[in-house]
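Quick notes on the structure that follows.
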Amino acid sequence: MNKANKAEKKLMYGNHALVEGVIHAGCRFFAGYPITPQNEIPEFMSIRMNEEGGVFVQTESEIAAINMLFGAAAAGKRAMTSSSSPGISLMQEGISYIAGADLPVLVVNVIRGGPGLGNIAPAQSDYYQATRGGGHGDYFTITLAPYSAQDLFEFPRLAFELAEKYRNPALIVADGILGQMMEPVEFSYEPIDPESLPEPEWALSGCKGRERRVVRSYDLRPGKLEALNHQRTKKYEEIKKKEQRFDALECDDADIVIVAYGTCARVCSAVIKMARSKGYKVGLLRPITLWPFPADVLADLSKKVEHFLVVEMNCGQMIDDVKLATECRSKISFHGRPGGGVPTPPEVLEKVEAILGGEK
Amino acid sequence: MKKLFGRPEGLTSTLLRYCPGCGHGIVHRIIGELLVELNIRERAIGIAPVGCSVFADEYFNCDMIQPPHGRGPAVSTGIKRVRPDCIVFSYQGDGDLAAIGTAEIIHAGARNENITIVFINNAIFGMTGGQLAPTTLPGMKSTTSVNGRDVKKQGYPMKVCELLAALDGPYYLERCAVDTPKNVIKTKKALKRAFKNQMDNKGFSLIEILSMCPTGWGQTPVQAKKWIGEVMAQYYPLGVYRDRAKEEK
Ligand SMILES: Cc1ncc(C[n+]2csc(CCOP(=O)(O)OP(=O)(O)O)c2C)c(N)n1
Ligand code: SF4
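Same order as they appear, the protein sequences are chains A and B. Under the working numbering, the first sequence has 151 at position 160, and the numbering climbs by one with no breaks. Under the working numbering, the second sequence has 200 at position 188, and the numbering climbs by one with no breaks.
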């Protein structure tokens, strides 16, 4: 179907771009359970995995899906699933075990309105769940927030590379708008042949010619789990230091910097243009990694920027991270649309003008 | 001098930590022997459950993984689908398989997933202190049914082989026991067939094994063995519940 060569540009749905990105990244294992608004991913995946000789399993539940990933990843293969908020909640048990077993997997959350069954409209209300671990125990998941079909194509490879480098689950968080949006996508790198990926030194493959290997998330020996959790914390500190990713738009001379990711960042890039044409010095800081949060750049900006405006499709979950990063040096305002509302450029601009007009 | 009996290479040198008279140890030994006899130790991947045999990941001398409670069949599926040349077995207790993991086992069976399930039915939650299991017999005492299982309040026990036999998917289902030497030999034969089915790409095999839990049952090891034959096997009849190899003939 949508096989394309490098440098070829194709008009694609975001969800299809993601599937191509996953296949290009050398992943040949998908397990998942249908939930709106991400059903195009498993549907297209079932076709593409079949074409590529990969594995596609429609599971009995999200619990089964994430545990199949656990198995496939423990066997040393790139494995992914996708779901939406209620399904991701069910996967948290497995994600915690995968984090506890130090395995790489890719989990895509096309977030919808919550809590509960909520609705199927686009939302960003799983920010806390994605950036604070999500399941039980001391762990974090590397979390990427795409904002274009091009990102959706490229982030799966980045996610697998980071996940494997740090032996940690990685998430991509999107929403229904990004998945349904049609945009040109450049197939910016050659597809990775899964056979060319080396077998990790911890992979289960049968112990022929080597010591047997064990994948587990528990350690009952006194003090051992404590030591392991300290060790993992060091890993998390390293990730925080080295893997903060962001995009900065017109931030250099800005009086106000909008902080927004995903669809909101898309909306706000239009706001920046409108504001600049009116002579307002407004910039946009778009976190690409929600965890690790791009705290360093915000800390630097906060030394000269007086006011930050956080825009999210939730009730204000990222504000905490902005406050921590800026150490409350600057004023912080918020504009949020929870439960499936999407902010429009004029309403964000109005907020910017209110701030400039002296609203605290 | 010829060595007549010893620890099979399919088991590590780690000492088993099971209670005296526990059936887990017997089944471990059988699997340890089969890994060698079938020459599959070096391509086997075992799945330990959550339960008394959670430490199976230390005992079997092959690659092992320890997943969440009940999810063994799903984890097995993930492994087997990406490593079809490996021999994948999931070892599970009745709490693990018939309570929290009911959906996973039924659907792995329905898919006729090419894996081998070793299902230890000891009619109780051993590890957490002898609570009621889905397999606890009517009238049987447990720490959460101190006056005996009342089917009006706690429902009826689950017969896993019968349940799975209602599906078209599974290839081979047999219920065995490890209470007598004769039954141990039969259990080994059944497990051997189950592994062979997988080697021949036939699909899903589950061997249910009635197994003693003297500690959970509040019995001596000798009483526990007797109780299996006299009471437990009456409710859970031993025998073959699905044999597609025969049907195919
Ligand atoms: C999600 C979850 N719930 C509960 C437990 C606690 N738990 C550990 S073992 C067990 C029951 C094990 O019983 P069974 O599978 O019959 O094995 P046995 O110990 O009898 O061999 C339970 C409920 C757990 N570890 N994880
Ligand atoms: S509690 Fe029961 S199942 Fe667990 S080791 Fe003891 S006898 Fe075996």
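Glycine is no exception: its CB is placed at the ideal position from the N, C-alpha and C atoms.
* Asked: Residues in its own chain within less than 7 angstroms of A245 of chain A by CB, not counting five upstream and five downstream?
  -> By 1-based counting over the first sequence, the position of residue 245 of chain A is 254. Excluding residues within five positions, the ones whose Cβ falls inside 7 angstroms are K272, V273, G274, V296.
* Asked: Taking any Cβ of chain A, which residues in the segment 224 to 239 of chain B have a Cβ under 9 angstroms from it, in chain order?
  -> none
* What does a CB cutoff of less than 8 angstroms around K294 of chain A pick up in its chain, not counting 5 residues either side in sequence? -> Residue 294 of chain A sits at position 303 when you count from the first residue of the first sequence. Cβ neighbours of K294 of chain A beyond the five flanking positions: R320.
* Taking C-alpha atoms, which residue in A:S260, A:V288, A:E174, A:E181 lies nearest to Q141 of chain A? -> Position 150 of the first sequence, counted from the start, is the residue given in the question as residue 141 of chain A. Measuring from the Cα of Q141 of chain A, the nearest candidate turns out to be A:E174.
* Asked: What residues from chain B crowd round K199 of chain A, counting only those whose CB sits closer than 7 angstroms?
  -> Position 208 of the first sequence, counting from 1, holds the residue named residue 199 of chain A. Ordered by position in chain B, the residues that pass the 7 angstroms Cβ test against K199 of chain A are E54, R55.
* Asked: P79 of chain B touches chain A at which residues, Cβ-Cβ below 7 angstroms?
  -> Position 67 of the second sequence, counted from the start, is the residue given in the question as residue 79 of chain B. In chain order: N58, F61, Y88.
* **Euclidean distance between Cα positions of D291 of chain A and H15 of chain A** => Numbered from 1 along the first sequence, position 300 holds the residue referred to as residue 291 of chain A. Numbered from 1 along the first sequence, position 24 holds the residue referred to as residue 15 of chain A. Taking the straight line from one Cα to the other gives about 36 angstroms.
* **Nearest to G332 of chain A (by Cα), restricted to the options A:E228, A:V302, A:I230, A:W282** => If you number the first sequence from 1, residue 332 of chain A lands on position 341. Among A:E228, A:V302, A:I230, A:W282, the Cα nearest to that of G332 of chain A belongs to A:V302.
* Asked: Any idea what DSSP makes of Y247 of chain B, helix, strand or coil?
  -> The residue labelled residue 247 of chain B in the question sits at position 235 within the second sequence. Of the three classes helix, strand and coil, the one that applies to Y247 of chain B here is helix, per DSSP.
* **Of the listed residues A:Q222, A:A70, A:L216, nearest to P160 of chain A (C-alpha basis)** => In the first sequence, residue 160 of chain A corresponds to position 169, counting from 1. For P160 of chain A, the nearest C-alpha among the options comes from A:A70.
* To do: Compare the beta carbon distance of I279 of chain A and F237 of chain A with 7 angstroms and say whether it is the shorter of the two.
  => Looking up residue 279 of chain A in the first sequence gives position 288. Looking up residue 237 of chain A in the first sequence gives position 246. Yes, they are a contact pair.
* Specify whether the segment 39 to 55 of chain A and the segment 116 to 134 of chain B touch according to this definition: at least 3 beta carbon pairs, one from each stretch, less than 8 angstroms apart. => yes
* Asked: Which residues in the same chain as Y4 of chain A place their Cβ atom closer than 6 angstroms to its Cβ, once the five residues preceding and following it in sequence are excluded?
  -> Within the first sequence, numbered from 1, the residue matching residue 4 of chain A stands at position 13. Excluding sequence neighbours, Y4 of chain A sits near M173.
* Beta-carbon of G63 of chain B versus every beta-carbon of chain A: anything under 7 angstroms? -> Translated into the one-based positions of the second sequence, residue 63 of chain B becomes position 51. Not an interface residue.
* **CB contact below 7 angstroms: D69 of chain B versus chain A** => Walking along the second sequence from the start, residue 69 of chain B turns up at place 57. Chain A contact via Cβ: present.
* Status (buried if at least 16 other CB within 10 Å, exposed otherwise) for L108 of chain A -> Walking along the first sequence from the start, residue 108 of chain A turns up at place 117. Exposed: under 16 other Cβ atoms inside 10 Å.
* Asked: For E297 of chain A, which of helix, strand or coil comes out of DSSP?
  -> As a working mapping, residue 297 of chain A is identified with position 306 in the first sequence. Reduced to three states, the DSSP call for E297 of chain A is coil.
* beta strand (DSSP E) runs wholly inside the segment 87 to 171 of chain A, at least 3 long, in chain order -> 97 to 102, 133 to 135, 161 to 166
* To do: Would you mind stating whether D75 of chain B and C198 of chain A have Cβ atoms separated by less than 7 angstroms?
  => Taking the second sequence and counting its residues from 1, one reaches residue 75 of chain B at position 63. Taking the first sequence and counting its residues from 1, one reaches residue 198 of chain A at position 207. Cβ distance < 7 angstroms, so D75 of chain B and C198 of chain A count as in contact.
* Give the single residue among A:K314, A:R267, A:Q171 whose Cα lies nearest to the Cα of F284 of chain A. => Here residue 284 of chain A refers to the residue found at position 293 of the first sequence. Taking only the C-alpha atoms, the option nearest F284 of chain A is A:K314.
* With DSSP as the reference, please indicate the residues paired to P150 of chain B in a beta bridge. => Within the second sequence, numbered from 1, the residue matching residue 150 of chain B stands at position 138. Answer is B:R161, bridged to P150 of chain B.
* What residues sit near ligand 2, counting only those whose C-beta is closer than 5 angstroms to one of its heavy atoms, in chain order? -> B:Y30, B:C31, B:C34, B:C64, B:G138, B:C225, B:T227, B:G228
* Asked: Got a sec? Which residues, its chain only, sit under 7 angstroms from E174 of chain B by beta carbon, not counting five neighbours each side?
  -> Locating residue 174 of chain B in the second sequence gives position 162, where the first residue counts as 1. Taken in chain order, the residues that qualify are Y253.
* To do: At 7 angstroms on the CB atoms, spell out the chain A contacts of H119 of chain B, in chain order.
  => Locating residue 119 of chain B in the second sequence gives position 107, counting from the first residue. Result: E51, A55.
* **G107 of chain B beta carbon near ligand 1 (any heavy atom closer than 6 angstroms)** => Position 95 of the second sequence, counted from the start, is the residue given in the question as residue 107 of chain B. Within the cutoff, so yes.
* Decide yes or no for the touch test of the segment 90 to 107 of chain B against the segment 47 to 59 of chain B: beta carbon pairs closer than 8 angstroms, at least 3 of them. => yes
* Asked: Roughly how many whole angstroms lie between the Cα atoms of R19 of chain B and N73 of chain B?
  -> Taking the first residue of the second sequence as 1, we reach residue 19 of chain B at position 7. Taking the first residue of the second sequence as 1, we reach residue 73 of chain B at position 61. Computed Cα separation, rounded: 11 angstroms.
* Going by other Cβ atoms of all chains shown within 10 Å of its Cβ, with 16 needed for buried, is M13 of chain B buried or exposed? -> Position 1 of the second sequence, counted from the start, is the residue given in the question as residue 13 of chain B. Result: exposed.
* Beta-ladder partner(s) of A22 of chain A, from DSSP -> The residue labelled residue 22 of chain A in the question sits at position 31 within the first sequence. DSSP, once it has assigned bridges, lists A:V48 as partnering A22 of chain A.
* Any contact of the segment 23 to 31 of chain A with the segment 98 to 114 of chain A, i.e. 3+ C-beta pairs under 8 angstroms? -> yes
* Asked: Quick one: complete alpha helix (DSSP H) runs, 4+ long, within the segment 223 to 258 of chain A?
  -> none
* **Chain-ordered neighbours of C74 of chain B on chain A, where CB pairs are closer than 8 angstroms** => Within the second sequence, numbered from 1, the residue matching residue 74 of chain B stands at position 62. The contacting residues are G197, C198, R203.
* Asked: Going along the chain, which residues of the segment 91 to 115 of chain B sit with their C-beta nearer than 9 angstroms to a C-beta in chain A?
  -> I91, K92, R93, V94, R95, D97, C98, I99, V100, A115
* **Stretch-stretch touch, CB-based, cutoff 8 angstroms, three pairs: the segment 119 to 137 of chain A with the segment 149 to 160 of chain A** => yes
* **Cross-chain neighbours of S217 of chain B in chain A, by beta carbon under 7 angstroms** => As a position in the second sequence, residue 217 of chain B is number 205, starting the count at 1. Correct list: empty, because the minimum Cβ distance to chain A is about 18 angstroms.
* Quick one: residues in its chain with C-beta nearer than 8 angstroms to the C-beta of E124 of chain A, no 5 flanking neighbours on either side, listed in chain order? => The sequence position of residue 124 of chain A within the first sequence is 133, counting from 1. Sequence inspection shows Gly at residue 124 of chain A; the Glu mentioned does not correspond to that position. Result list for G124 of chain A: S87, A90, Y130, F131, T132, in chain order.
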